[in-house]
Structure formats: structure tokens, C-alpha cells
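Q: Right, I'll just put the structure down here and ask away after.
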Amino acid sequence: MQRVKPVDGLTKPKHRPERTCFLCWATNNAPSMLRLAVDEDGELWPDLLHKAPGRGSYFCMQSLCFSKLNDRSLGRLKRSFPSLNIQYALFIERLEKALIVQLTRHLSRLLPSAALGRDAVMHRMWHHAPLILIVSDDAGEAIKRQVHDAASKRRNDGDAVDILVDFSTDLLAKASKREKISVVAVNNCNDAIRLQQFSTWLTQVKDAG
Ligand SMILES: [Zn+2]
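Each residue of the sequence shown is one higher than the one before, counting from 71 in the working numbering.
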């Protein structure tokens, strides 16, 4: 049987590169993992966008593996980076800062098309497009309950909805340039997926600190 030869980059299926966690050796697709970059001075940096130059290593960010991260386990990276300056506490500090910067950036990009505030969010729930709901950490119990109830109704109707709870009030205020905002709905897109990932990571980092 004759087969049509695929033209590179056109008909080939999208290749999702797999990476191995330096600590637990689990493999996963690269975008779901945290890239670790080591600079010329042997400093370890979180490379959230996978764009830092030079060589890097990968970390899975699964909570069990994350809980095992410390000066000793980071020492394993020395095999690949002999000049590495191991400072777990400093690394976690850098990770937290980088996550806040990226969360603010992603939020700012998403907010112009987002539904802001309870009324707008409840209205957006009637549309069928997949949604991500962001609930601020100081939203009142009544709002939280209302949003969760509406979200489960949507799910029962077969419409996708994900909820990020306890999202930093400060971040929401900064990104929206509004003093106080308790709930936001954004359409599910690449930026929103990143937002969700980075927000989960930030919670982990804060719990570790
Ligand atoms: Zn791991």
C-alpha cells in the first residue's frame, strides 16, 4: 500500500516532548513541569516559561515530590551541574516571586475579556464555553457558596468549569486595577491553563514556606 509521506512540520502530529523529573524520575510532557535553569554563577532559577538560555533540568511539581525538595535532594542536580550553588530556601523565594510575576501577567492578559464580579460571573455561567472561575481568598462565604452551586449545575449540564479558590486578593486587585474583586470568570484558553498551573504551584510554595 502506498502511503503519502508527511511533510515535516505540516502534517506531522504535534510532538509533545517528554521530560524526566530529576528527583522522582517520573516522566511527563514538558509544559506541565517546572524547568530549572542554572546560570554561569551556578545559581539555580525557576524558569517558568521554559525560555531561559543554557542547560536546564526538570522538576515534576507533584506535591509528594515537592515535599521532598530540600538542600540534600537538590544536591542530585550536582551531577549535571557541578558548579551548582545549592540553597533551597533561596530557590523557594525565587520561585514564589517568579510565580507572582507570571500570575499577575497572565491575569492582566485575561481580565479584559473576563467577567468581573458576582453578577457578571453568574451571567457568564449561562454561556456554554468552558470557564475557569477565580475566587478571591477573602470572598464572603455566601458568594463562594453561590459560585460553587452554579458551577456544579453547569457541570451537571455538561459544561466544563474549573475553580481556582483562594486566589490572592492582592493579585486580583493589582491585575484588575480595582480595589476589591471577589470573583472572576475567564474563558478557558492557554493563558487560563497557565494561570491554573501557576496558582496551584504558588499554593504549594506558600505551604512549604
Ligand atoms: Zn518528581
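Ideal Cβ placement from N, Cα and C applies to all residues, glycine included. Model, not experiment: these values are computed from the prediction.
Does at least one heavy atom of ligand 1 sit under 7 Å from the Cβ of Q132?
A: Stepping through the sequence shown from its first residue, residue 132 is reached at position 62. Yes, since a heavy atom of ligand 1 falls inside the 7 Å radius drawn around the Cβ of Q132.
Q: Counting Cβ pairs closer than 8 Å, one from the stretch 152-159 and one from the stretch 191-210, do we hit at least three?
A: No, they do not touch.
Q: Are the CB atoms of G126 and L144 nearer to each other than 8 Å?
A: Numbered from 1 along the sequence shown, position 56 holds the residue referred to as residue 126. Numbered from 1 along the sequence shown, position 74 holds the residue referred to as residue 144. No. Outside cutoff.
Q: Between L184 and the rest of its own chain, which residues show a CB-CB distance below 7 Å, the 5 nearest in sequence each way excluded?
A: As a first step, residue 184 is located in the sequence shown; it is residue number 114 there, counting from the start. Checking the displayed sequence, the identity of residue 184 turns out to be Ala instead of Leu. Excluding sequence neighbours, A184 sits near V254, A255, V256.
Q: Could you have a look at I251 and say whether DSSP puts it in helix, strand or coil?
A: Taking the sequence shown and counting its residues from 1, one reaches residue 251 at position 181. If DSSP states are grouped into helix, strand and coil, I251 belongs with coil.
Q: Strictly by DSSP, which residues pair up with F129?
A: One-based indexing of the sequence shown puts residue 129 at position 59. Partner(s): L104.
Q: Is F161 near ligand 2, going by C-beta to nearest heavy atom under 7 Å?
A: Annotation note on ligand 2: not contained in the displayed structure, which lists ligand 1 as its ligands.
Q: Considering only heavy atoms of ligand 1, does any lie closer than 7 Å to the CB of S114?
A: Locating residue 114 in the sequence shown gives position 44, where the first residue counts as 1. According to the sequence as given, residue 114 is Leu; it is not Ser. L114: no, Cβ never under 7 Å from ligand 1.
Q: Under the three-state reduction of DSSP, which class applies to W115: helix, strand or coil?
A: Counting from one through the sequence shown, the residue named residue 115 turns up at place 45. In the structure shown, W115 sits in a strand (DSSP, three-state: E or B).
Q: Give the C-beta separation of Y128 and F92 to the nearest angstrom, bearing in mind that I take them to be a contact with Cβ-Cβ under 8 Å.
A: Counted from its first residue, the sequence shown places residue 128 at position 58. Counted from its first residue, the sequence shown places residue 92 at position 22. At roughly 6 Å, the Cβ-Cβ gap stays under 8 Å, so Y128 and F92 are in contact.
Q: Given 7 Å as the limit, tell me if L177 has its C-beta closer than that to any heavy atom belonging to ligand 1.
A: Your numbering for residue 177 matches position 107 in the sequence shown. False, no ligand heavy atom lies under 7 Å from that Cβ.
Q: With H, G and I counted as helix, E and B as strand and the rest as coil, what does DSSP make of S178?
A: For this step, residue 178 is matched to residue 108 along the sequence shown. S178 falls in the helix class under three-state DSSP.
Q: Between E180 and D232, is the Cβ-Cβ spacing less than 8 Å?
A: The count along the sequence shown starts at 1 and reaches residue 180 at position 110. The count along the sequence shown starts at 1 and reaches residue 232 at position 162. Going by the sequence as given, residue 180 is Leu instead of Glu. It is not a contact, given that the beta carbons lie outside the stated cut-off.
Q: In whole angstroms, what separates the C-alpha of S252 from that of K121?
A: Working through the sequence shown from its first residue, we reach residue 252 at position 182. Working through the sequence shown from its first residue, we reach residue 121 at position 51. Computed Cα separation, rounded: 33 Å.
Q: Rounded C-beta distance between L241 and Q266? I'm assuming under 8 Å.
A: Position 171 of the sequence shown holds residue 241. Position 196 of the sequence shown holds residue 266. Going by Cβ atoms, the distance from L241 to Q266 rounds to 14 Å, so no, they are not a contact pair.
Q: Taking three-plus beta-carbon pairs below 8 Å as touching, is the stretch 187-199 in contact with the stretch 215-230?
A: Result yes; three or more Cβ-Cβ pairs closer than 8 Å.
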